[in-house]
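Here my numbering is used: the first residue of the sequence shown is 1339, the next is one more, and so on. Note that the Cβ used here is the ideal one computed from N, Cα and C, for glycine as well. Below you'll find the structure, written out as structure tokens, and then a few comments.
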Amino acid sequence: MSKTKQFHVAVVGATGAVGQQMLSILEQRDFPLASLKLLASARSAGKKVMFKGNEYTLEEATPEAFEGVDIALFSAGGSVSTKLVPEAIKRGTLCIDNTSAFRMDPDVPLVVPEVNPDKIFDNNGVIANPNCSTIQMVAALKPLYDKYGMDRIVVSTYQAVSGAGAKAIQELVDQSQAVLNGDEVKKEVLPVGSLPVKHQIAFNAIPQIDVFLDNGFTNEEMKMIRETKKIYGDESIKVSATCVRIPVERGHAESVYVELKEDFEMADVMALFANAPGVIVQDKPEEQVYPMPADATGKIEVFVGRVRRDLDYPKGLHMWVVSDNLLKGAAWNAVQIAEEWIKRQ
Ligand code: NAP
Ligand code: 3JM
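Here is the structure:
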């Protein structure tokens, strides 16, 4: 990374589950910061946050806050991005947006650096970060896609509560304590904050993430389907998804089944995974080694295991893919995009 140039950076949604990880990863990566602005809602303005041993004061995210900002990392929800990304672009800021607001806009690149890094430079001021569940899946499958071609993907997710924000993490903790204490369980956040019906997540599994659409899939499932096609630049690939929330704090797991276009040898598949950038193989069934959310928490890589050929369809392959949804699924993918972008400035 160029150490000569430094950048004025803003984190929008700095108090949130993703925003906090943005700060932590910027700190760890020693990102070349000329200055750092921490933005959130008016509720947080004036609060203090520590970064690299210095105290920063949170400011309200307003259009004027982007004056002089080179790079803004957005994770404050779709409506904030819809309103403020155009304002930031007007002021010359490169926006890296973690929300779904611009992902499917044909003029906006949707980037996972291990898959389509060149798209970073084909932007009109905003680069979209895909959904957390999409990112880890397309990063893991990329070498198989390139070598054999891919006919179909069928994925079922086991998603951590942190994907639904800081309030959902607290809800899992509070409900778990209430169940163990025999107290009344309060349901306020999951599965979807804006819908009237709520379900218990503690000691449960909820087959709904985001709202249902008319086709019977949820919006989260459709995000995985549409984003995968856009990132691979391949509308012919068949994708279906079932997204499930489970009572894990951090780390999404996915059971992924793919049908490749060409025959494969298992040894070649394992070698592809072993050499894939950003991917770590954890696959020793005889030693009970496989990826798990608790092990992936705090790590930036995507972990792959349980890799096996389908018993009835020889071009079919099953695997288990795990990654920290707040890091590769959100904050790290965004900062990684920023790191790639600044290499060419
Ligand atoms: P969270 O924990 O609920 O945090 C929300 C953040 O947004 C807080 O910093 C909050 O500030 C800020 N915010 C809310 N309303 C605002 C407003 N009107 N103006 C400015 N800031 C406002 O949620 P999260 O899990 O961090 O996720 C944040 C967003 O990132 C999500 O809504 C989603 O769009 C995106 N996300 C993306 C991925 C991904 O896979 N790429 C994963 C998770 C989330 P206050 O503390 O001041 O309220
Ligand atoms: C993950 O309120 C909102 O607009 C946020 C909804 C949300 C999203 C989204 O659609 O941006 C919550 C959690 C995501 C996402 O990454 O798609």
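Between P1481 and the ligand NAP, is there a pair consisting of the residue's CB and a ligand heavy atom that are separated by less than 8 Å?
P1481 Cβ: outside cutoff for every heavy atom of the ligand NAP.
Which one or two residues does DSSP pair with S1362 in a beta bridge?
In the DSSP output, where bridge partners are listed per residue, S1362 has none listed.
Within the present structure, is the beta-carbon of K1561 separated from the nearest heavy atom of the ligand 3JM by less than 8 Å?
Relative to the ligand 3JM, K1561 has its C-beta within less than 8 Å of a heavy atom.
Please determine whether the Cβ atom of C1684 lies at a distance below 8 Å from any heavy atom of the ligand NAP.
Here the chain has residues from 1339 to 1683 only, and residue 1684 is not among them.
Please state whether the Cβ-Cβ distance between V1527 and K1505 is less than 9 Å.
One thing to note: V1527 has its Cβ within 9 Å of the Cβ of K1505.
Confirm the yes/no value for this check: CB of E1677, any heavy atom of the ligand NAP, distance under 8 Å.
The closest heavy atom of the ligand NAP lies 8 Å or more from the beta carbon of E1677.
How big is the Cα-Cα spacing for M1358 and V1349?
Per the sequence shown, residue 1358 should be read as Gln rather than Met. Spanning the two alpha carbons is a distance of roughly 9 Å.
Own chain, CB closer than 7 Å to E1573, minus 5 neighbours either side, in chain order:
Residues of the same chain with a CB within less than 7 Å of the CB of E1573, apart from the 5 flanking positions on each side, are K1567 in chain order.
Beta-carbon gap between V1407 and A1352 smaller than 9 Å
Their beta carbons are not under 9 Å apart, which means V1407 does not touch A1352 by this criterion.
Assign E1526 to one of three DSSP states: helix, strand, or coil.
Coil at E1526, not helix or strand.
Cβ-Cβ distance between S1661 and C1581 below 9 Å:
Going by C-beta atoms, S1661 is not nearer than 9 Å to C1581.
Environment of P1447 [buried if 16+ CB atoms lie within 10 Å]
Burial state of P1447 is buried, judged by a 10 Å Cβ sphere holding 16 or more other Cβ atoms.
Assuming V1347 and I1434 are in contact, meaning their beta carbons sit under 8 Å apart, how far apart are those beta carbons, in whole angstroms?
So it is not a contact: roughly 10 Å between Cβ atoms.
Report the rounded CA-to-CA distance for V1617 versus N1542, giving the unit in angstroms.
So the two alpha carbons sit approximately 30 Å from each other.
Is it a yes or a no for the region 1373-1383 touching the region 1396-1405, going by three-plus beta-carbon pairs under 8 Å?
Yes: the two stretches touch, three or more of their Cβ pairs being nearer than 8 Å.
Please go through the region 1425-1493 and give each complete beta strand (DSSP E) segment of 3 or more residues, from N-terminal end onward.
Within the region 1425-1493, the beta strand (DSSP E) runs of at least 3 residues that lie entirely inside it are, in chain order, 1432-1435 and 1464-1466.
Closest by C-alpha distance to Y1486, when choosing among M1604, T1420, Q1366 and W1670:
For Y1486, the closest alpha carbon among the candidates M1604, T1420, Q1366 and W1670 is that of M1604.
Which residue wins for smallest C-alpha separation from N1613, given the options H1590, V1642 and A1632?
The shortest Cα separation from N1613 among H1590, V1642 and A1632 belongs to V1642.
Roughly how many whole angstroms lie between the Cα atoms of A1439 and K1421?
Each residue's Cα considered, the two are about 10 Å apart.
Three or more C-beta pairs closer than 8 Å, one from the region 1665-1676 and one from the region 1617-1632: is that the case here?
Put simply, the region 1665-1676 does not touch the region 1617-1632. Fewer than three CB pairs are less than 8 Å apart.
Please confirm whether any heavy atom of the ligand NAP lies closer than 8 Å to the CB of N1461.
Outside the cutoff, so no.
Assign K1524 to buried or exposed, taking buried as 16 or more other Cβ atoms, counted over all protein chains shown, within 10 Å of its Cβ.
With fewer than 16 other Cβ atoms within 10 Å, it is exposed.
Please determine whether the Cβ atom of I1473 lies at a distance below 8 Å from any heavy atom of the ligand NAP.
A heavy atom of the ligand NAP is found nearer than 8 Å to the CB of I1473.
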